[in-house]
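When you number the first sequence by this note's numbering, it's gap-free, plus one each residue, and the end is 569.
Using N, Cα and C, we set each Cβ at its ideal position, and we do this for glycine too.
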Amino acid sequence: MIRGIALLNASEHDGKTRNDSIISKVIGTKPELRSRIKDVIPLISQTVIDVNKLSVEIQRKELESKYAELLIVKPKQERIGLPPLEGAEQGKVITRFPPEPNGYPHIGHAKASIIDEEYAKMYGGKLILRFDDTNPEKERLEYYAAIKVGLDWLGVKYDLIKNTSDDMEVIYKKAKELIDAGHAYVCTCDKETISKNRREMIQCKCRAGNLEQNNIRWNKMFDKFKPGEAIVRFRGDMSSENTVMRDPTLLRIIDESHPIHKNKYRVWPNYDFAVSIEDSIDGITHAFRTKEYELRTELYYTLLDKMGMRKPKMLEFSRLEFEGMPVSKRVLKPLVEEGKVSGFDDPRLPTLEGLRRRGIVPEAIRKFVMSLGFTKSDTMPPFETLESFNRKIIDPESIRLFIVFDPVKLTVTNNNLTEIEVSNHPQNNMGKRQIKIDGNFYISGSDAKTLKIGDEIRLLELYNIRITKTGPEMEGEITDTNYKPDIPKIQWVSRKNPVNIEVLISDVLFINDQFNENSLEVKQAITEQHYLELNVGAEIQFVRFGYCRKDSANQAIYTHK
RNA sequence: GCUCCUGUGGUGUAGUCCGGCUAAGCAUACUGCCCUCUCAAGGCAGUGAUCCCGGGUUCAAAUCCCGGCGGGAGCACCA
Numbered sequence: 009m010i011r012g013i014a015l016l017n018a019s020e021h022d023g024k025t026r027n028d029s030i031i032s033k034v035i036g037t038k039p040e041l042r043s044r045i046k047d048v049i050p051l052i053s054q055t056v057i058d059v060n061k062l063s064v065e066i067q068r069k070e071l072e073s074k075y076a077e078l079l080i081v082k083p084k085q086e087r088i089g090l091p092p093l094e095g096a097e098q099g100k101v102i103t104r105f106p107p108e109p110n111g112y113p114h115i116g117h118a119k120a121s122i123i124d125e126e127y128a129k130m131y132g133g134k135l136i137l138r139f140d141d142t143n144p145e146k147e148r149l150e151y152y153a154a155i156k157v158g159l160d161w162l163g164v165k166y167d168l169i170k171n172t173s174d175d176m177e178v179i180y181k182k183a184k185e186l187i188d189a190g191h192a193y194v195c196t197c198d199k200e201t202i203s204k205n206r207r208e209m210i211q212c213k214c215r216a217g218n219l220e221q222n223n224i225r226w227n228k229m230f231d232k233f234k235p236g237e238a239i240v241r242f243r244g245d246m247s248s249e250n251t252v253m254r255d256p257t258l259l260r261i262i263d264e265s266h267p268i269h270k271n272k273y274r275v276w277p278n279y280d281f282a283v284s285i286e287d288s289i290d291g292i293t294h295a296f297r298t299k300e301y302e303l304r305t306e307l308y309y310t311l312l313d314k315m316g317m318r319k320p321k322m323l324e325f326s327r328l329e330f331e332g333m334p335v336s337k338r339v340l341k342p343l344v345e346e347g348k349v350s351g352f353d354d355p356r357l358p359t360l361e362g363l364r365r366r367g368i369v370p371e372a373i374r375k376f377v378m379s380l381g382f383t384k385s386d387t388m389p390p391f392e393t394l395e396s397f398n399r400k401i402i403d404p405e406s407i408r409l410f411i412v413f414d415p416v417k418l419t420v421t422n423n424n425l426t427e428i429e430v431s432n433h434p435q436n437n438m439g440k441r442q443i444k445i446d447g448n449f450y451i452s453g454s455d456a457k458t459l460k461i462g463d464e465i466r467l468l469e470l471y472n473i474r475i476t477k478t479g480p481e482m483e484g485e486i487t488d489t490n491y492k493p494d495i496p497k498i499q500w501v502s503r504k505n506p507v508n509i510e511v512l513i514s515d516v517l518f519i520n521d522q523f524n525e526n527s528l529e530v531k532q533a534i535t536e537q538h539y540l541e542l543n544v545g546a547e548i549q550f551v552r553f554g555y556c557r558k559d560s561a562n563q564a565i566y567t568h569k
């Protein structure tokens, strides 16, 4: 057997084989030899020497005659999809997607929700959409809706929808329990002091307060105290190396009206407190969040411990963002307000609406997200990869049309056709369209520039012509109608019924943190009459230009090449 | 500054937990050819990684151990 493997390896490497490879292969095929490896090695070395002495032809001959079964290559099976989850049981996995309704959904939400859904699917479990709406200062009703619309568009299906704010009574109950058990206290220090103490690991006097004081203060938080005057803090560890454990805030007072509950509550839990309670009572088995929360998982588990609640498994993944396409509201909002972009659906933006208008389809986003894997490494995947997935999906259903930029007039002096029929797609049956012609065309300026008198070109789908006049009003005459492979082929638009449109071309929004003033190019173009018959939202491939999505009767948005 | 996380071709990843059956697989990008009445899609081929660096353990290390270095994040009454 050793000889066979050595021969095989030799044949794969120009007749030369090596000890290490053979040892590995032998152990791989017969693991039981592992313990006797020391006895096997000399044997292998000798075989390798013998085999290397033989010529390639002899090696091959012997291999084929004696060890033919080794020539059958077994295909390597590779894991597809997400890595398996620890502790996941078929049918029992419950995941959750917990956005805060404080803005429009973007590619980051897409990644999170797709991972949540894929894992639920993988284990035949459930996905809960939970709005983490515990900060009335930032949340608005329209965002709840926008997020749902975004998920629908993405095709992310959830089994249950709920709001964290609907569980306020449970949250209060848990807070009271923590206070009564001495795991939490009400702190009335001011913000700066708290922050300073946390940095310097100093306990404040509130921490030492007795149960009675804490209960009085807790009750006062619901009426007497003003916002900022008192917070509930977890009795963590002020000397912990993990700063989040240094008596973090659990609840605070906010008087702003909540989009759903209006002024019913004014003591609101903060993120860590709400998430741990919610995940636990919702029956979540596996919770995923982005990496910047990593240090908070210690708090998450500790809190759940102190409350005596069931602990889900918390895992982190890296944030998804594209280079030059920031996702944060902090930078996007000013852009919208200053009119630098047209709105949150501007095609330059990585918002779901922006991507949709640009012509990116949900299936492409899903494939792309899945290709990223579940990792914690900080990376900026190129937008190109998304485009590539997208192109493959939209190509079969994109109608082919002709478009011309910087139009130059071209007249074919001996034209005798009045109408031709053109196929809408080169491979797929997407019907045909009629184009009326009279010998007067527009061609692209960039093509016109390359043409000299006497050149022969083909007007795609039409006929071949020889250029007889150049300049702004070009002329040519038909030489042949048969397709010739070797001459340049260009697209054209009939001057009989041209359609003027503008094409929006996006470039990266930011270059080295600077807003790219040239991030949107608007190009005037002329296309075919047929454009007007397409539905808004249709994907078009303008031949020799690229894919675009019809945004309106006179505007198309460039998707990608 | 402190703490945590992370480091595989230009890019994104698989493999890392449980060292060997992979002289590192896939995708993307790039190049060339084929196909094609598009510079698309499709097919084929090619370029490209001393698996961050240095030690150690072992017959054997991308994988385990130790020590460096690079990158990111957190240090809020935001999520």
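Local Cβ density within 10 Å of residue i, reported as buried at 16 or more and exposed below that
i, result
"valine 416", "buried"
"alanine 561", "exposed"
"arginine 11", "buried"
"tyrosine 308", "buried"
"tyrosine 166", "buried"
"proline 355", "buried"
"threonine 421", "exposed"
"lysine 444", "exposed"
"isoleucine 461", "exposed"
"glycine 479", "exposed"
"glutamine 499", "buried"
"threonine 458", "exposed"
"proline 277", "buried"
"methionine 9", "exposed"
"tyrosine 471", "buried"
"leucine 79", "exposed"
"isoleucine 88", "exposed"
"aspartate 287", "buried"
"proline 496", "exposed"
"glutamine 67", "buried"
"proline 390", "exposed"
Contact set for residue i: own chain, Cβ-Cβ below 6 Å, skip 5 residues either direction
i, result
"alanine 546", "Lys558"
"aspartate 140", "Pro106, Glu108, Thr172"
"leucine 303", "Asn250, Val252"
"glycine 453", "Asp414, Val416"
"phenylalanine 281", "Leu258"
"histidine 191", "Arg243, Lys314"
"glutamate 469", "Val430"
"lysine 299", "Glu324, Ser326, Lys384"
"valine 194", "Asn222, Arg225, Trp226, Ala238, Val240"
"leucine 418", "Phe449, Ile451, Met482"
Residue i vs residue j beta-carbon contact at 8 Å
i, j, result
"valine 267", "leucine 149", "One detail in the question is off: residue 267 reads as proline in this sequence, not valine. A contact, by the Cβ cut-off of 8 Å."
"lysine 531", "isoleucine 548", "no"
"leucine 168", "lysine 134", "yes"
"arginine 408", "valine 551", "yes"
"isoleucine 475", "aspartate 463", "yes"
"threonine 570", "valine 59", "There is no way to answer for residue 570, as the model of the chain reaches only from 9 to 569."
"isoleucine 1", "isoleucine 49", "Coverage of the chain is limited to positions 9 through 569, which leaves residue 1 absent and any answer about it impossible."
"isoleucine 102", "isoleucine 136", "yes"
"tyrosine 127", "leucine 71", "no"
"tyrosine 131", "alanine 96", "yes"
"glutamine 563", "glutamate 529", "no"
"leucine 340", "isoleucine 115", "no"
"asparagine 398", "threonine 567", "yes"
"valine 369", "alanine 533", "no"
Cβ neighbours of residue i in the same chain (closer than 7 Å, five flanking residues each side left out)
i, result
"glutamate 177", "none"
"alanine 118", "Leu162, Leu360, Ile373, Val377"
"histidine 433", "Ile407, Arg408"
Residues near residue i in its chain [Cβ-Cβ closer than 8 Å; skip 5 each side]
i, result
"aspartate 446", "Asn423, Thr426, Ser502, Arg503, Lys504"
"asparagine 17", "Thr25, Arg26, Ser29, Ile30, Lys33"
"leucine 51", "Ile10"
"tyrosine 180", "Val275"
>> For the pair the stretch 249-268 and the stretch 328-343, tell me if three or more CB-CB distances fall below 8 Å.
In response: no
> Between the stretch 199-211 and the stretch 221-232, do three or more beta carbon pairs fall short of 8 Å?
Replying inline: Proximity of the stretch 199-211 to the stretch 221-232 falls short of the contact definition, fewer than three beta-carbon pairs being nearer than 8 Å.
>> Count Cβ pairs between the stretch 149-168 and the stretch 108-126 that sit closer than 8 Å; are there 3 or more?
In response: yes
> Which parts of the stretch 440-506 are runs of the beta strand (DSSP E), unbroken and 3 residues or longer, counting only runs that do not cross its ends?
Replying inline: List check, beta strand (DSSP E) in window: 440-444, 448-451, 464-467, 472-477, 481-488.
> For the stretch 470-489 against the stretch 505-525, are there 3 or more C-beta pairs whose distance is under 8 Å?
Replying inline: no
> What are the complete beta strand (DSSP E) segments, minimum 3 residues, inside the stretch 187-220?
Replying inline: 192-195
>> Assess contact between the stretch 335-353 and the stretch 313-321, defined as three or more Cβ pairs (one per stretch) separated by less than 8 Å. Is contact present?
In response: no
>> My parser needs the alpha helix (DSSP H) runs of 4 or more residues fully inside the stretch 347-422; what are they?
In response: 360-366, 370-380, 391-402
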